[in-house]
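Residues in the sequence shown are numbered from 1 upward in steps of one, following full-length UniProt numbering. Quick reminder that beta carbons are idealized off the backbone N, C-alpha and C, glycines included. Below is one structure, written out as structure tokens; comments come after it.
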Amino acid sequence: MGFVSDKDLLKKRSGKYFDVIAGLDAKSLTNTQGMEKLMSAIQEEFGTAESASLPLGIVSKCFLGHPYEVHTLDLSGSQIIKHYKINEPMEADFEKARTLAKHNAYSMVEIYKDKIILIREDGTATKL
């Protein structure tokens with residue numbers, strides 16, 4: 001069964017989870033096998049394959065260099081990785097996390113239907 005409570009959502013994230021998300025800039029996930037590995041790691045992290053229990057997506061700082069500033073991983077079904085340039089509009093659900101994702105205090109921002117979870121580099125999570 002997937003996460004049902006905020007307590008579960010706020011558990012510390014694993015190093016493996018961080019490694020997979022960090023790989024978004026490495027272009028190692030562009031092939032089908034890479035996406036399967038990514039989704040498997042995310043499902044393992046959250047203890048479920050039920051998409052309703054997973055984040056809608058993840059926004060994090062992009063390290064491809066100028067003009068890119070953030071990237072998204074859309075988990076709502078399309079499983080699309082997109083890199084956004086400075087001032088390039090994002091989908092509304094993701095746009096609200098953009099500034100937080102660029103902040104050095106957070107490694108990534110998980111977007112849920114009704115909440116945002118901020119993830120620090122040490123894996124700790126905070127609900128916004």
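Query	Result
Nearest to Val59 (by Cα), restricted to the options Lys37, Asp93, Thr124	Asp93
Touch test, the region 113-123 against the region 6-22, Cβ-Cβ under 8 Å, three pairs minimum	yes
Counted within 10 angstroms of its Cβ, other Cβ atoms place Pro67 as buried (16 or more) or exposed	exposed
Straight-line Cα distance separating Glu110 from Gly47	16 Å
Test item: CB-CB of residue 169 and His83 under 9 Å	The question about residue 169 has no answer, for the chain in this structure spans 1 to 128.
Beta bridge counterpart(s) of Gly123 as assigned by DSSP	Paired residues: none, contrary to the question.
Leu24 beta carbon less than 9 Å from that of Leu56	no
Straight-line gap, Ala125 to Tyr106 (C-alpha atoms, nearest Å)	9 Å
Straight-line Cα distance separating Lys96 from Leu128	11 Å
Assigned exposure category for His103 - 16 Cβ within 10 Å defines buried	exposed
Three-state secondary structure assigned by DSSP to Leu10	coil
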